[in-house]
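Residue numbers (the numbering used here): 83 to 498. A short write-up of the structure that comes next.
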Amino acid sequence: MSSKPDSLGGEAQQIAPLPRISIQAFCETADVAEVIQAAGNDRRMDKTHLKIQMGGAPAAAEAYRNAPTPNVILIENTHGRAELIEGLDRLSEFCDPGTKVVIIGHINDVLLYRDLVRRGVSEYIIAPMSSIELVRALSEQFRAPGAAKVGRTTAFLGAKGGVGASTVCHNVSWAVARALSLDTVIVDMDIAFGTAGLDFNQDPSQGIADLVYAPDRVDTGLVDRLLAKCSDHLSLLAAPATLDRICDFNEDAFDSILDILRGNVPAIMLDVPHLWSSWARRVVVGADEIVIVATPDLASLRNTKSMLDLLRQTRKNDSPPRLVLNMVNVPKRPEIKAADFAKQLDIEPVAIIPFEPAMFGTAANNGQMIAEVSASSKTAEMFLATAHLITGRLEMRKPRRSLFPPLLTKLQRKKA
């Protein structure tokens, strides 16, 4: 029985997207109808087909007298226990097997809840509720009992071309896998010009193109076979980086791939190319975390503001995107100061990475990460801090060694 509203971000990002299902809601109050509509606009409900009408349980029973029932029926009840039970008993005469019924009630009654469960009701939610609470309740109806936690996707994209979004993505992913020992997959979505293979000194013969150009073949086994192993905890779904085929994909081209990865890998890092197609927008808006990489110039500022405005509108139940300022303090180049850049956007950068061409050039040419070239550098520390931030894992500090055990050992030796 759900009753506690959820806060933005945090736990909300752990909710699994709903599958392609149909949901029909029968409301009795405008407030609940409005919340259901807001839930329907959440990114996790993107694949569902939602229809809302008024009338409660009597309207639901009448609607399905001569029509098949959807995957989920949402019913609001503002009346007493007897009226609700009577309405559900009528509805049960027309309800198809497998249809889930979720009740939104205004009474916190454990006995009523137990009675509803005995009648096959899937969930009882107490109003008032938040839209994200409703999304969670519906999502949990389609998760197998005992299923593993859903993997989190993080989309990295550049405010403009050439700002180093891929480099940031790869270094942060390496930190997540290496320092946090979290199984991680980098998905290089730049089919024609992807650099993930080069950055990790990998040259796989197969990769993401084999999946996106043949969606009917996509399954868990094939995805697993196409992953190139970079380290114990890091794998790569590489791009072929060839111009043999055009990269015009359908909006949902990557859905099945990401669904499989979510069910098997804790951390999925999406290296999104700098373009704005229907599929790119869907991938970015649907990610659990978003990292925008920008350089301190006017074009980056304008484009980042456009991205933030859109994402704040389309992701109202999520924490705001993270901002990384890259290639800061280029000699003799006029720049917007980091503080001014942040002030214009009303967002603080999670990392301000200095312009260090020698270190980055060495890493790129050797197929290494920054932490492998210079583990003690401030830049490596920033990548690690960003890894902690986007995974929600606090940095574990080594306990300080106590002076007392060695001292006691010396005293014991003297006594002996």
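Idealized CB from N, CA, C, for every residue including glycine. All of these numbers come straight from a predicted model, not from anything done at the bench.
Endpoints, the alpha helix (DSSP H) within which residue i is located
i: residue 444; result: 439 to 448
i: residue 182; result: Premise fails: residue 182 lies in the beta strand (DSSP E), 182 to 187, not in any alpha helix (DSSP H).
i: residue 461; result: 460 to 473
i: residue 214; result: 213 to 222
i: residue 116; result: 112 to 122
i: residue 430; result: Where residue 430 is concerned, there is no enclosing alpha helix (DSSP H), given that its DSSP letter is neither H nor E.
i: residue 523; result: The question about residue 523 has no answer, for the chain in this structure spans 83 to 498.
i: residue 333; result: From DSSP, residue 333 is part of no alpha helix (DSSP H); its letter is neither H nor E.
i: residue 255; result: 247 to 261
i: residue 198; result: 192 to 200
i: residue 328; result: No alpha helix (DSSP H) contains residue 328, which DSSP labels as neither H nor E.
i: residue 362; result: 360 to 367
i: residue 453; result: 452 to 455
Start-to-end residues for the beta strand (DSSP E) that takes in residue i
i: residue 237; result: 234 to 240
i: residue 436; result: 433 to 436
i: residue 146; result: Premise fails: residue 146 is in no beta strand (DSSP E) and is neither H nor E.
i: residue 129; result: Element bounds for residue 129: n/a, residue is neither H nor E.
i: residue 63; result: Any property of residue 63 remains undetermined from this structure, which presents the chain solely from 83 to 498.
i: residue 405; result: 404 to 410
i: residue 353; result: 349 to 353
i: residue 371; result: 371 to 376
i: residue 109; result: 104 to 109
i: residue 270; result: 266 to 270
i: residue 317; result: 316 to 319
i: residue 208; result: 205 to 208
Beta-carbon proximity list for residue i, same chain, < 7 angstroms, skipping 5 on both sides
i: residue 255; result: 266, 268, 316, 351
i: residue 121; result: 127, 213, 216, 217
i: residue 370; result: 95, 234, 235, 236
i: residue 101; result: 129, 224
i: residue 178; result: 150, 151
i: residue 172; result: 143
Chain-order list of residues whose beta-carbon lies under 8 angstroms from that of residue i (same chain, five-residue window excluded)
i: residue 486; result: Its pLDDT being 47, under 50, residue 486 is placed unreliably by the model, and the measurement read from it follows with that caveat. Closer than 8 angstroms at the Cβ level, and outside the excluded window around residue 486, lies no residue.
i: residue 294; result: 273, 331, 335, 336, 339
i: residue 380; result: 418
i: residue 361; result: 331, 332, 333, 334, 335, 336
i: residue 159; result: 110, 138, 139, 165, 166, 169, 185, 186, 187, 188
i: residue 456; result: 441, 462
Local Cβ density within 10 Å of residue i, reported as buried at 16 or more and exposed below that
i: residue 358; result: exposed
i: residue 88; result: At residue 88, the pLDDT of 44 sits below 50, so the modelled position is not reliable; the number obtained from the coordinates is stated separately. Label assigned to residue 88: buried.
i: residue 302; result: exposed
i: residue 289; result: buried
i: residue 474; result: exposed
i: residue 394; result: exposed
i: residue 182; result: buried
i: residue 344; result: buried
i: residue 458; result: exposed
i: residue 461; result: buried
i: residue 422; result: exposed
i: residue 325; result: exposed
i: residue 210; result: exposed
i: residue 250; result: buried
i: residue 416; result: exposed
i: residue 196; result: exposed
i: residue 341; result: buried
i: residue 391; result: exposed
i: residue 490; result: Only weak support is given to the placement of residue 490: the predicted model assigns it a pLDDT of 48, under 50, and the value that follows is read from those uncertain coordinates. Residue 490 should be labelled exposed.
Own chain partners of residue i with C-beta closer than 6 angstroms, once the 5 adjacent residues on each side are dropped
i: residue 367; result: 125, 396
i: residue 248; result: 277, 353
i: residue 364; result: 333
i: residue 176; result: 146, 147
i: residue 468; result: 254, 432, 433
i: residue 205; result: 184, 219
i: residue 403; result: 372, 374, 393
i: residue 200; result: none
i: residue 346; result: none
The ligand FMN heavy atom lying under 8 angstroms from the CB of residue i
i: residue 113; result: Of ligands this structure carries none, so the ligand FMN is not represented either.
*asked:* Quick check: the region 99 to 106 against the region 126 to 136, are at least 3 beta-carbon pairs closer than 8 angstroms?
replied: yes
*Which whole runs of the alpha helix (DSSP H) in the region 281 to 306 are 4 residues long or more, in chain order?*
291 to 294
*Decide yes or no for the touch test of the region 137 to 149 against the region 188 to 197: beta carbon pairs closer than 8 angstroms, at least 3 of them.*
no
*Would you say the region 399 to 416 touches the region 428 to 448, given that touching needs at least three Cβ pairs under 8 angstroms?*
yes
*Are the region 323 to 335 and the region 303 to 310 touching, with three or more C-beta to C-beta distances below 8 angstroms?*
no
*For the region 440 to 455 and the region 276 to 292, state whether three or more C-beta atom pairs, one from each stretch, are separated by less than 8 angstroms.*
yes
*Check whether the region 166 to 173 touches the region 256 to 265, taking contact to mean three or more Cβ pairs, one atom from each stretch, closer than 8 angstroms.*
no
*Uninterrupted beta strand (DSSP E) stretches inside the region 154 to 185 (no shorter than 3 residues)*: 154 to 159
*asked:* Three Cβ pairs or more, each shorter than 8 angstroms: is that satisfied between the region 142 to 161 and the region 239 to 247?
replied: no
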